[in-house]
Amino acid sequence: MPPVPDLKALEAAATWYVQLNDGSTDETRTRAWQAWLTSSPQHEAAWARLERFQRQWAMMPQEAALSSLDAAKAQRRDVLKIVAMLLAVGSSSWLAAEHVPYRSMLAEHRTNIRQRRSLRLDDGSQLELNADTALDIHFDSTQRLIHLHRGEILVQTARDPDQRPFIVHTQDGSVRALGTRFCVRQLDEHTRVGVEQAAVEIRPYEHSDQPLCLEAGQQVTFDRDEVDAIEGLPAASTAWVKGMLSVDDWRLGDFIEELGRYRAGVLRCASSVEGLRISGAFRIDDTETVLENLSKTLPVKVRFLTRYWVSVEPA
195 MPPVPDLKAL EAAATWYVQL NDGSTDETRT RAWQAWLTSS PQHEAAWARL ERFQRQWAMM
255 PQEAALSSLD AAKAQRRDVL KIVAMLLAVG SSSWLAAEHV PYRSMLAEHR TNIRQRRSLR
315 LDDGSQLELN ADTALDIHFD STQRLIHLHR GEILVQTARD PDQRPFIVHT QDGSVRALGT
375 RFCVRQLDEH TRVGVEQAAV EIRPYEHSDQ PLCLEAGQQV TFDRDEVDAI EGLPAASTAW
435 VKGMLSVDDW RLGDFIEELG RYRAGVLRCA SSVEGLRISG AFRIDDTETV LENLSKTLPV
495 KVRFLTRYWV SVEPA
């Protein structure tokens, strides 16, 4: 039975992997890697495990896999940590690892917690990325795919001369555009979809043979197993595109949780004031001011324990 590689061997294998895929050709480096590889059964076992993961990475969208390799040199420290983690969990854990943070960290397109982006796709479609979003794009001759790993996007599809379907994949299922403008948000345990124009077709992974058609003015939440009841799409649900959070009679607890998406650190709301109601339009690029002004309209006080630890409490 081959030896089980230890952490030192796994980290060394990950380091060699990054160095050998940095885009340069270096025979001296290659010979050094070969010498390292054959110098110990632990090294050979670590490299064999890495190769197994590389074959499994091939199941990812091609652009995502290539992006990960091309980014290795620029993001060396992060990639080393992620590769070492993947190697450590063992190849039998691949399916469980599908949704671990590495997919988001290696995504082709990402925004940080205080950033939004606009993307014009090759087919003319438009993507708006909310804060803390990660996705990969895969267009080929038969389909147009968006793999949303984290966060939220607003999609405006363009007509395609080749009539390729436009599909957004999340961890819970797929959302197929039917000539439309729609929003998809990947939450911790489910996906939320809202349609502004035309319609979309939703297929949870466990029931892909039972699609649901969602029409303009509707939204729904679903996970891999089931789809919740259809609801009306709230007004200004995509106000974030213009840097605003618009709420109408929200629970304060829900408002604080949503506001927390747009600032670093911990933002907490005391249970005794979670049920207070709040309405209005708030700038998500200036959460400090939003928090400071809460006490002017609600019986609460906001305590800044540090810049990154804020608590909303009863006044």
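Here the numbering used here is used: the first residue of the sequence shown is 195, the next is one more, and so on. Quick reminder that beta carbons are idealized off the backbone N, C-alpha and C, glycines included.
- Around the beta carbon of S319, 16 or more other beta carbons sit within 10 angstroms, so the residue counts as buried.
- In the displayed model, Q404 falls within coil according to three-state DSSP, outside both helix and strand.
- Around the Cβ of E245, a 10 Å sphere holds fewer than 16 other Cβ atoms; the residue is exposed.
- One thing to note: S431 has its Cβ within 8 Å of the Cβ of G388.
- Taking a cut-off of 8 Å on C-beta distances, the segment 453-460 touches the segment 473-491, as three or more cross pairs fall below it.
- Under DSSP, R223 forms no beta bridge with any residue.
- Taken through DSSP and simplified to helix, strand or coil, V198 comes out as coil.
- P235 and R223 have their C-alpha atoms roughly 20 Å apart.
- Take the alpha-carbon of S505 and the one of R497: they are about 5 Å apart.
- Sorting R501, T500, L499, E507 by C-alpha distance to the C-alpha of L488 places E507 at the top.
- The beta-carbon separation of I396 and L408, rounded to 6 Å, stays under the 8 Å limit for a contact.
- Judged by DSSP in its simplified three-state form, R455 adopts helix.
- Residue environment for T351: buried (at least 16 other C-beta atoms within 10 angstroms of its C-beta).
- If you look at S489, you'll find it in the alpha helix (DSSP H) that goes 481-491.
- G367 sits buried, since 16 or more C-beta atoms from the chains shown fall within 10 Å of its C-beta.
- Scanning E221, D220, R225, L231 for the CA closest to the CA of L204 turns up L231.
- Under the 10 Å beta carbon count, L201 is surrounded by fewer than 16 other beta carbons and is classified as exposed.
- Here DSSP, grouped into helix, strand and coil, assigns I450 to helix.
- Taking the Cα positions, E390 is about 53 Å away from V198.
- Secondary structure of H237 (DSSP, three-state): helix.
- Taking the Cα positions, W444 is about 50 Å away from R243.
- In the DSSP assignment, Q413 forms a beta bridge with G388, E425.
- The beta carbon of G474 is closer than 7 Å to those of V441 in its chain, skipping five residues each way along the sequence.
- Secondary structure note for D442: its beta strand (DSSP E) is the uninterrupted segment 438-445.
- Here S465 carries a helix assignment [DSSP, helix/strand/coil].
- With distances taken between CA atoms, S335 lies nearest to D317 out of L323, D317, A328.
- In the structure shown, R358 adopts coil according to DSSP, grouped into three states.
- Residue pairing of Q320 in beta bridges, as defined by DSSP: R314, Q350.
- For the 8 Å CB-CB criterion, R379 and P398 do not form a contact.
- For D330, the enclosing beta strand (DSSP E) covers residues 328-333.
- If the five residues before and after R501 are omitted, its C-beta is found closer than 6 Å to no C-beta atom of its own chain.
- The C-beta distance from T305 to D326 rounds to 6 Å, short enough to meet the 8 Å contact threshold.
- In the DSSP assignment, Q380 is bridged to G345, T385.
- With a cutoff of 8 Å on beta-carbon distance, H343 and A301 are scored as near each other.
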